[in-house]
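Each residue of the sequence shown is one higher than the one before, starting from 836 at the first, in the working numbering.
To start, the structure itself, in structure tokens.
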Amino acid sequence: MSRPSSGRRALMPGALAQDNWDSSLVPMDPDNRPSPRTPGGHRPPSDWYSESRQHILLATGTRTHSDTMRYQSHSEIDRTLQRTEIGENKVDSALKAKIGTTKVLREMLEAALEISEKEIERMEITKERLDEETTSCSRHLRQNEERRLHRQTRPSREMVYDYPYKLFESQAVFLHNSYIKYEDKRKETFNVLHKLHALCSDLREDLGDKTSAIELDMKCIALAPVERDTKHVSDIVFSKTQPFSWSSKSKGKVLEAQVLQAEAAQLRRQISRLIQTVRRGEKQQHDLVQVALDRNVGAIARLRDDLHLQVQQVEEEIHLATKTKAELEAALAEKMPPLNLTKQRYLTRNSRPHREMVNDEVEHALKMQYDSLNRTVSELNRKLDQVNETLSSLFAHKSQLEENIADKDRNYEMDKTCINMAPTRPSTPECSLESLAYIFDNETEQLSPFRKPDRAPLPMDPSVPF
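Here's what the structure looks like:
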């Protein structure tokens, strides 16, 4: 039995693959329309055959369509499973890559945090040492002021601009400048410590975030694949942070930590060199002042001995002059009776009558005797006046010498007291890391904080400022 071509196209797999296929689409043969029944109610044989063929054709089309749909369903299931597996593998690979990157960043953050914490410990030790040195410098400056004020109470005769006074001024300038430099370094140390603490806080926070992210990503990997409901995919809000920005922030923190650690290490080396320089300067100034005071005390002692010797000589001269004065007074006492006698005899003879007033030999002899005795007494009086004047001068010089000796004694005692008022001689420790507790864990850092500075030592001339 012939069938139209449209019926054949309808039975092709492409047509049967339609989801809205219907058995009514199978065409009926227009030449096989049902014939009218016989008067007895029976169907003709042609209708009976056509109907069976029609049912066979309909069943064949339905079966073919069902087979095609089953094949397509299995293919779609396989493709869906493959796409799901590929997607899960991509997610797992991305999670593992992200975990690896996060672990690398975490290790960088942990290393930076560990070094920063050690740097904080070193800076704290440096700060404590710097505080001690600042306190010591302030104490030495105060002692210098006390010693200078003590020497200012010397007698006016001893108030001279001597070498110890110059050294005390130079020492005061040096200690004052050192104290200012210590204070500046203390401020820098405080600022660096503040930055390090803030940086460590940021590193800990970032490190905690990285640890939490790794744990969450590990949980995501550990989750077993489950059936996914795709109708809520549009409700998921994904992070807008780009991976580069996410990693660059952590790397920026690590770089900032490295820069700050280098700055802190450089500051520690500067502080150690400053402490060494100040220690050497204090030791040098201390020695110069003590030596100058010792020499000044020796000079005062020698000058005082000379003054004592001079006083002894003056006292001896006073004794001799006093003896001479006594001799002159005795000689004068011996000459006064003959002079008075001669004068009385001369006056007695001058009372003669006018007629007897002649210049005879007796008159001449009395006059010569009187003039001689008068000249002798005048000379003795003149010598006695000279001796008295000399004695007055000697007593005045003796008084001045004794006052000078008293001033020298006081100045001597004050300088001796000033020597005893000196602080303990500053020490310059050996160039070792342990002496100032600077511990460098990095083996590549070979620079000692106590290395000699690349400049000339402090000048010995106290007039040169620090």
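Cβ atoms here follow ideal geometry from the backbone N, Cα and C, with glycine treated the same way.
Please state the DSSP three-state secondary structure of N1239.
DSSP places N1239 in helix when its eight states are reduced to three.
Runs of beta strand (DSSP E) wholly within the stretch 1154-1217 (minimum 3 residues, chain order):
If we require 3 residues or more, the stretch 1154-1217 turns out to have no beta strand (DSSP E) run fully inside it.
Same chain, Cβ closer than 7 angstroms to P999, neighbours up to 5 away in sequence not counted:
Take P999, set aside five residues on each side of it, and the residues of its chain with a beta-carbon closer than 7 angstroms to its own are V1124, A1127, L1128, N1131, in chain order.
Could you give the residue range of the alpha helix (DSSP H) that holds S881?
DSSP places S881 in the uninterrupted alpha helix (DSSP H) bounded by 880-987.
Alpha carbon to alpha carbon, what distance is there between D1019 and I1254?
Spanning the two alpha carbons is a distance of roughly 32 angstroms.
Roughly how far, in whole angstroms, is the beta-carbon of R941 from the beta-carbon of K1016, given that I think they are within contact range, below 8 angstroms?
Incorrect: roughly 42 angstroms between the Cβ atoms, too far for contact.
Hey, how far is the Cα of P990 from the Cα of R983?
Between P990 and R983, the C-alpha separation is close to 14 angstroms.
Roughly how many angstroms lie between the CA atoms of S887 and S908, to the nearest whole one?
C-alpha separation (whole angstroms): 31 angstroms.
Within 10 Å of its beta-carbon, does T1177 have 16 or more other beta-carbons around it, so buried, or fewer, so exposed?
Per the 10 Å Cβ criterion, buried.
To the nearest angstrom, report how far apart K1086 and S1036 are at their CA atoms.
Going from the Cα of K1086 to the Cα of S1036 covers about 16 angstroms.
So, is R986 buried or exposed, given that buried needs 16 or more other C-beta atoms within 10 angstroms?
By the 10 Å Cβ count, R986 comes out buried.
Taking all protein chains shown into account, do 16 or more other C-beta atoms lie within 10 angstroms of the C-beta of N1223, making it buried, or fewer, making it exposed?
Exposed, because fewer than 16 other Cβ atoms sit within 10 Å of the Cβ of N1223.
Since I believe Q1006 is in contact with N979 (beta carbons under 8 angstroms), could you give me their beta-carbon distance rounded to a whole number of angstroms?
That belief holds up - the Cβ atoms of N979 and Q1006 are roughly 5 angstroms apart, short of 8 angstroms.
Proximity to L1002 [Cα-Cα], best of S901, P1172, Q1119:
Cα-wise, what sits closest to L1002 is Q1119.
Taking the C-alpha atoms as reference points, what is the distance between I1135 and R1245?
Each residue's Cα considered, the two are about 10 angstroms apart.
Supposed contact pair N1239 and L1142 - C-beta distance, whole angstroms, cut 8 angstroms
Separation of the CB atoms of L1142 and N1239 is rounded to 6 angstroms, and the pair is thereby assigned contact status at 8 angstroms.
Compare the beta carbon distance of K1030 and L1090 with 8 angstroms and say whether it is the shorter of the two.
Cβ atoms of K1030 and L1090: not closer than 8 angstroms.
L1236 and V1149 closer than 8 angstroms at C-beta:
Going by C-beta atoms, L1236 is nearer than 8 angstroms to V1149.
Mind checking whether L948 and L1042 have CB atoms under 8 angstroms apart?
With contacts defined by Cβ atoms closer than 8 angstroms, L948 and L1042 form a contacting pair.
Euclidean distance between Cα positions of Y996 and D1242
The alpha-carbon atoms of Y996 and D1242 are separated by roughly 16 angstroms.
How long is the line joining the alpha carbons of L893 and D882, rounded to whole angstroms?
Straight-line spacing of the CA atoms in L893 and D882 works out to 16 angstroms.
Can the beta-carbon of L930 be found less than 8 angstroms from the beta-carbon of I1049?
Contact: no.
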